[in-house]
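Using this note's numbering, read the sequence shown as starting at 3 and increasing by one per residue.
I have placed the structure first, in the form of structure tokens, so that the comments after it can refer back to it.
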Amino acid sequence: LLQLFKAFNKFVILLWRLGIGPSMGMYPEKTGQFLVMVHTGRLTGKTRYTPVNYARVEDELYVTAGFGEAAHWYKNIMANPNIEVWVDNERWHALAEDVSDHPDRLRLLREVLMGSGFAAVLAGLDPRKLNDEELNAGSEKYRLVHLRRCEALTGDGGPGDLAWVWPNAAGVLLVLALAGWLRKPRGTEERK
């Protein structure tokens with residue numbers, strides 16, 4: 003299951019870089035809502051990109067680490083909470099804070115799980131059907147993280163940085179289509 007998530011994450015990152023990542027959340031009840039966290043590996047120092055489901059509650063962003071403290075991205079953002087967030091078509095500097103002990107944890111967690119579409123149900127937690135006691139028991143190891151947006155970011159390297167591929171690919175396809183059309187034999191009408 004973990005390998006499936008890793009492969010899916012790479013695909014999601016590519017969609018964001020191509021500029022179509024935000025459209026993945028067109029049907030949030032089914033597909034979920036995604037944002038991308040750009041963070042630094044605590045051991046390697048390398049830049050990491052992690053797509054996660056989220057909820058926007060009172061204009062604040064929340065995510066959850068379903069694998070708990072074992073999740074590498076969670077360990078990374080706890081070691082260095084200064085991250086970048088790609089959400090919708092925006093790019094933000096943000097501070098990540100574990101709020102798992104928040105008095106409203108269950109309400110916030112339920113919102114994040116509803117924002118995950120099929121993923122929460124696949125993990126065995128249907129936030130629309132479970133009562134608070136069942137949700138609490140099923141999510142004991144989950145970590146709830148608040149992403150406090152600090153300032154908007156601009157420049158290279160954000161969502162859509164590979165969007166230039168689309169017009170170039172369309173141009174190449176147009177040239178290939180015209181070349182094929184021009185190679186078709188003309189004037190081969192039947193004689194009477």
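No residue lacks a Cβ here, since even glycine has one placed at the ideal position from N, Cα and C.
* Just reading off the beta strand (DSSP E) that Glu62 is part of, what are its end residues? -> 62-67
* **Cα-Cα separation between Gly162 and Lys48, rounded to whole angstroms** => 21 Å
* Under 8 Å by Cβ, that's how I've got Tyr51 and Val65 pegged, so tell me the actual separation to the nearest angstrom. => Going by Cβ atoms, the distance from Tyr51 to Val65 rounds to 14 Å, so no, they are not a contact pair.
* **Whole-angstrom C-beta distance between Leu149 and Ala98, which should lie under 8 Å** => 6 Å
* Asked: In chain order, which continuous runs of the beta strand (DSSP E) of length 3 or greater are located wholly inside the segment 91-149?
  -> 92-100
* Local conformation of Ile22 per DSSP, three classes -> coil
* Helix, strand or coil for Arg185 per DSSP? -> helix
* To do: Report yes or no: is there a C-beta of chain D within less than 9 Å of the C-beta of Leu111?
  => Among the chains of the structure shown, chain D does not appear; only one protein chain is present.
* Asked: Roughly how many angstroms separate the alpha carbons of Glu153 and Val87, rounded to a whole number?
  -> 10 Å
* Neighbourhood of His104 by C-beta distance below 7 Å, restricted to the same chain and skipping five residues each side -> Leu110, Leu146
* Starting from the Cα of Ala73, find the closest Cα among Lys186, Arg130, Arg58, Pro53 and give me that residue. => Pro53
* CA-CA distance, Ala264 and Asp90? -> Lying before the first or after the last residue shown, residue 264 is absent from the chain, which here runs from 3 to 194.
* Could you check which residue in Ala179, Thr33, Leu184, Pro169 has the C-alpha nearest to that of Leu20? => Pro169
* Asked: Does the separation of the CB atoms of Phe120 and Thr33 fall below 9 Å?
  -> yes
* Asked: Since Ala57 and Glu113 are thought to touch, with beta carbons under 8 Å apart, how far apart are those beta carbons, to the nearest angstrom?
  -> 4 Å
* **Ile15 versus Asp61 - alpha carbon distance** => 24 Å
* Along the chain, where does the beta strand (DSSP E) that runs through Pro53 open and close? -> 49-55
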